[in-house]
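If you read the sequences in order, they're chains R and S.
Heads up, the first sequence stops at 304 in this note's numbering, and the numbers go up one at a time, no gaps.
Heads up, the second sequence stops at 555 in this note's numbering, and the numbers go up one at a time, no gaps.
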Amino acid sequence: MTIDVDTPATPVLPAAAGQRPVARSPLRRLGAAARQPILVLSWIIVLVVLGWAVAPQLFTAHGPYDGNTAASFLPPGTEHWFGTDRLGRDLFARSVYGARTTLTATLLAVLIAFGIGTVVGLVSGFVGGIVDTVIMRLVDVFLAIPSLLLAMVVVSVLGYSTNNIALAVGISAIASFARVMRAEVLVVVHQDYVRAAYGVGVRRLGVMLRHVVPNSLGSVVALAALEVGSAVLAVAALGFLGYGAPPPQPEWGLLVAEGRDYVAVYPWASIMPGAALAIVVVATHRISTSLRKDRRR
Amino acid sequence: MSADDDPLLRIADLAVDYRTARRSWTPAVDGVSLRVGPGEFVSLVGESGSGKTTLVQGALGLLPAAARIRGGSIAYSGVDVTGWNDRRMALVRGNYVGFIPQDPNTSLNPVKKIGQQVVEAVRFNRRAGETGDAARLREDALHSLRTAGLRDAERVFQQYPHELSGGMKQRALIAIALAGRPKIIVADEPTSALDVTVQKVILDHLVGLRDELGIGILLVTHDLGVALDRSDRILVMRHGRIVEEGPPRQVLEHTADDYTRRLLEAAPARHSGPLEPATGPRRPSADAPAVLRARGLTKTYRLRGRHNELQALDTVDLLLREGTTHAIVGESGAGKSTLASILAGFTTPDAGTVHAGDRALTGLRRGRLRELRRDLQFVFQNPYTSLDPRFTVGRIVAEPLRAFGLATGRHERAARVTALLRAVALDDSHLDRLPNQLSGGQRQRVAIARALALSPRILVLDEPVSALDVSVQAQILRLLVDLQAELGLSYVFVTHDLGVVRLIADDVTVMRDGVVVETGPVERVFHAPGHDYTRELLAAIPGAGLARAGAQ
């Protein structure tokens with residue numbers, strides 16, 4: 008086959024090669040970002056929530072445990088943005104402080120899934136043969152079990168704590184990472200440049216680390232970004248069910264659970280933390296899709 | 004309006020832009036004028052990126068969404084269709100102008116029978132008042148298939164695209180183009196994806212259709228040889244402009260433009276003898292010792308999902324003499340790539356041996372084979388896939404040095420890489436570039452530099468120039484010839500282009516269906532071919548006119 012094909016992209020190829028660095032300059036990037044207001048908003052939301060996790064005291068004057076029974080179930084207002092709960096604790100403060108618990112667990116979960124999943128997928132795709140078959144059938148088994156159910160089983164075995172939730176959610180997501188990584192590795196392994204590397208005498212390990220891994224990670228990173236959203240949800244869901252941090256501690260899932268008893272009378276007690284949770288998940292999803300689009304370009 | 008005044012297709016000052024960013028446009032076609040009259044065979048020649056396909060898409064109203072027509076007009080028989088919307092253009096396409104796309108392997112619907120697809124085209128282009136019952140449609144479709152040169156039209160009518168060869172698929176596409184009884188046919192590189200012998204048949208048939216039906220033909224091609232052989236008029240396009248126009252004779256003998264002259268010079272068919280290296284003619288002795296010897300190579304692939312097998316190689320012998328080039332020629336499916344892959348140690352044969360010097364190459368373990376790689380290197384066909392997109396040029400060329408722990412020390416290694424880049428006519432400024440910042444020719448030079456890094460004695464080159472434009476192809480071939488003279492390299496050169504063989508090879512092996520048909524010194528095989536298939540291949544080389552002009 009010849010490459011003489013004039014696909015729409017090729018007539019400008021020489022020019023495009025020269026333009027690339029210009030298009031990537033920070034100023035242009037900022038200009039491009041301004042045209043995607045929702046993406047910018049998503050980044051702002053995620054950065055603010057990260058700020059909550061790192062330095063909660065900067066974002067609220069109230070403490071997460073400071074109760075005032077006289078001020079129980081105040082509706083959202085200027086003093087208490089999210090209202091207060093049964094013990095008069097400021098719900099906004101509890102959400103801000105809860106970010107740390109939830110986000111640490113999420114990050115840990117994604118790191119576990121990403122780390123183990125990538126290695127499993129890499130070995131499976133690179134070694135191939137019977138190893139590949141065995142690993143992939145195991146992965147199929149994992150994928151067949153609903154991930155929340157799997158996480159619940161793991162937490163039940165390990166005991167109730169936020170760290171165990173992170174571990175459980177991470178384990179339940181390994182399979183999907185392994186699958187994506189293996190698919191990418193299989194594509195890269197059959198590329199000419201990998202054969203060329205063998206041809207010039209690079210050993211298997213060198214080929215794997217220098218050619219296969221860097222060229223297959225792209226999609227997996229995009230998946231990791233996507234997985235952050237679902238991990239937040241999974242962590243909160245387990246917290247909601249009571250598998251996580253014990254009650255006085257602020258945690259998003261737990262906050263929703265605590266408000267649930269009064270949802271008919273004081274709906275904000277459940278809705279406000281829930282809404283915050285939903286917004287964060289949507290924002291991370293938006294960011295991850297933008298990462299995937301960037302790769303396609 | 005008479006037909007004499009208005010050609011079938013007239014394009015005047017057409018300019019087409021592509022959107023590169025939100026508000027910036029790059030011109031792809033810039034003020035091109037062109038006309039095709041009844042019974043005229045016009046060829047549009049250009050290398051990749053010249054805008055020839057964009058021009059055709061513009062004429063057919065098939066421009067992608069990222070393109071816009073900036074100026075100019077398109078008229079069919081005096082009817083200006085510039086700016087017509089897709090629905091109106093659909094009436095013109097098929098009925099008035101038939102289109103033959105580039106790659107027959109991807110242009111047919113794989114889940115529909117050929118007959119259905121032709122009937123569809125016939126039905127859409129039914130003129131008012133014609134009966135449209137099924138029997139009549141079928142009859143017209145069969146007629147169309149026969150006109151396209153498919154003798155066994157009834158059988159093809161019932162077949163699916165995957166059951167046909169590339170040439171037959173292209174004929175089916177011609178039948179679809181003819182279904183609307185067009186006055187003009189536009190063919191965009193109709194034979195680039197096909198073998199030379201098939202190419203010849205298809206092009207001859209197009210010429211026949213022109214004579215028989217009196218239609219006009221606009222052929223878009225990158226191959227000047229193809230254009231010169233058959234056209235009434237030739238237009239040479241570069242950077243979106245027409246740089247040369249005229250009948251083939253005039254273009255050949257009174258070339259007006261420098262670029263056209265370069266293209267003519269670059270065409271392999273122009274040269275009757277071998278390329279001479281810059282250092283003076285090379286005289287390989289006839290009794291030079293063998294550096295690479297293959298005996299009785301056999302390889303069978305088991306096709307997945309079926310019980311049948313594909314015999315890719317059947318007891319193939321090959322002998323490469325030191326300091327010479329041995330070309331392996333054949334059409335697609337001849338097994339030449341499998342052979343190259345075995346010679347380079349990428350594939351293990353089912354039977355047979357390969358010896359490099361006195362060392363066996365077959366049946367080695369991975370580690371031992373790796374040692375042999377220092378003597379024997381491979382260059383891939385497609386430089387767009389053989390370089391890691393994340394590696395800089397410097398890293399790519401240094402990779403073999405690093406793998407074997409050669410030229411240790413930063414300065415020493417950098418010096419060696421620079422020397423290698425110089426050897427392939429690149430320089431230090433390319434060191435930090437990524438492959439996507441290089442042109443196809445530059446990439447192939449980098450790939451060659453990488454292959455030379457270990458100072459091998461043998462290079463196996465698998466179609467190293469077939470993915471490149473003609474002018475770039477000529478540069479790479481010259482580079483290879485110079486390097487051979489300078490470093491005393493021996494080449495195994497796989498190609499489908501006999502014109503290239505004449506330029507660089509000393510010996511040639513002609514293959515067909517996994518079997519060696521003929522082997523021997525190039526002069527003998529070219530001047531006194533001993534096998535019918537070799538003769539057929541030689542006759543199919545486009546650019547006979549070029550060779551005549553070159554000899555003068």
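Virtual Cβ for every residue (Gly too), placed ideally from N, Cα, C.
My output table needs one value for residue i: the three-state DSSP class, helix, strand or coil.
i, result
"A542(S)", "helix"
"L482(S)", "helix"
"S76(S)", "strand"
"H197(R)", "coil"
"V39(S)", "strand"
"R184(S)", "coil"
"T224(S)", "strand"
"P254(R)", "coil"
"H165(S)", "helix"
"A31(S)", "strand"
Tell me whether the beta-carbon of residue i lies closer than 8 Å to the beta-carbon of residue j.
i, j, result
"L423(S)", "V396(S)", "no"
"T356(S)", "K302(S)", "no"
"V130(R)", "V138(R)", "yes"
"V513(S)", "E521(S)", "yes"
"I451(S)", "V497(S)", "no"
"I172(R)", "Y250(R)", "yes"
"A488(S)", "P280(S)", "yes"
"E50(S)", "D472(S)", "yes"
"L245(R)", "V162(R)", "yes"
"P386(S)", "G326(S)", "no"
"L176(S)", "F160(S)", "no"
"V127(R)", "I142(R)", "yes"
"V219(R)", "V196(R)", "yes"
"V45(S)", "L238(S)", "yes"
"R236(S)", "G249(S)", "yes"
"G208(R)", "R376(S)", "yes"
"D9(S)", "S80(S)", "yes"
"V511(S)", "V504(S)", "yes"
"A337(S)", "P403(S)", "no"
"T56(S)", "V19(S)", "no"
"S109(R)", "W275(R)", "What sits at residue 109(R) in the sequence shown is Thr, not Ser. Result no, Cβ atoms of T109(R) and W275(R) do not sit closer than 8 Å."
"P41(S)", "G217(S)", "yes"
"H87(R)", "L94(R)", "no"
Give the interface partners of residue i over in chain R, defined as CB-CB distance under 9 Å, in chain order.
i, result
"F383(S)", "D199, Y200, R202, A203 and G206"
"D391(S)", "Q198, Y200, V201, A203, A204, R217, H218, P221 and N222"
"L457(S)", "V207 and G208"
Closest to residue i by C-alpha separation, out of the options, would be which residue?
i, options, result
"A203(R)", "L483(S), G517(S) and A406(S)", "A406(S)"
"R556(S)", "P113(S), E142(S) and L111(S)", "Since the first and last residues shown for chain S are 4 and 555, residue 556(S) lies out of range."
"A68(S)", "S53(S), D89(S) and D83(S)", "D89(S)"
"A359(S)", "I177(S), R324(S), E50(S) and R398(S)", "R324(S)"
"R398(S)", "A410(S), V420(S), E415(S) and E374(S)", "V420(S)"
"L155(R)", "R144(R), L174(R), Y72(R) and V192(R)", "L174(R)"
"A93(S)", "G81(S), I331(S), A62(S) and P292(S)", "A62(S)"
"Y494(S)", "D500(S), D509(S), G502(S) and L501(S)", "D509(S)"
"L540(S)", "A182(S), L231(S), L501(S) and S474(S)", "L501(S)"
"I188(S)", "E247(S), V95(S), L153(S) and N112(S)", "V95(S)"
"F99(R)", "D73(R), L150(R), G206(R) and V146(R)", "D73(R)"
"G64(S)", "K172(S), A330(S), I77(S) and S234(S)", "I77(S)"
"R241(S)", "S27(S), V32(S) and E466(S)", "V32(S)"
Output, in chain order, the set of chain S residues within a Cβ distance shorter than 8 Å of residue i.
i, result
"G213(R)", "A406"
For residue i, which residues in chain R fall below 8 Å Cβ to Cβ?
i, result
"L434(S)", "Correct list: empty, because the minimum Cβ distance to chain R is about 16 Å."
"T263(S)", "Per Cβ cutoff of 8 Å: no residues; T263(S) is ~18 Å from chain R at best."
Can you pull the chain S neighbours of residue i, defined as C-beta to C-beta under 9 Å?
i, result
"V192(R)", "By Cβ distance, chain S contributes nothing, its closest Cβ being about 15 Å from V192(R), past 9 Å."
Under 7 Å Cβ-Cβ, which residues of chain S neighbour residue i?
i, result
"V209(R)", "E402 and A406"
Report the neighbours of residue i on chain R: residues whose CB is nearer than 7 Å to its CB, in chain order.
i, result
"R453(S)", "V207"
"L222(S)", "Under the 7 Å cutoff, chain R gives no residues; its nearest Cβ is about 14 Å from L222(S)."
"T303(S)", "Result: empty, since nearest Cβ-Cβ is about 21 Å, beyond 7 Å."
"T388(S)", "Q198, D199 and Y200"
Tell me which residues of the region 370-382 of chain S have at least one Cβ-Cβ distance to chain R shorter than 8 Å, keeping chain order. R373, R376, R377, Q380 and F381
If contact means a Cβ-Cβ distance below 7 Å, which residues of the region 331-360 of chain S contact chain R? A347 and F349
When Cβ atoms are compared, which residues of the region 487-514 of chain S fall closer than 8 Å to chain R? none
At a Cβ cut of 8 Å, what residues of the region 40-74 of chain S count as close to chain R, listed as they run along the chain? E50, S51, G52, S53, G54, K55, T56, T57, P67, A69 and A70
Mind checking the region 202-236 of chain S against chain R and listing, in chain order, the residues whose C-beta falls within less than 8 Å of any C-beta there? H225
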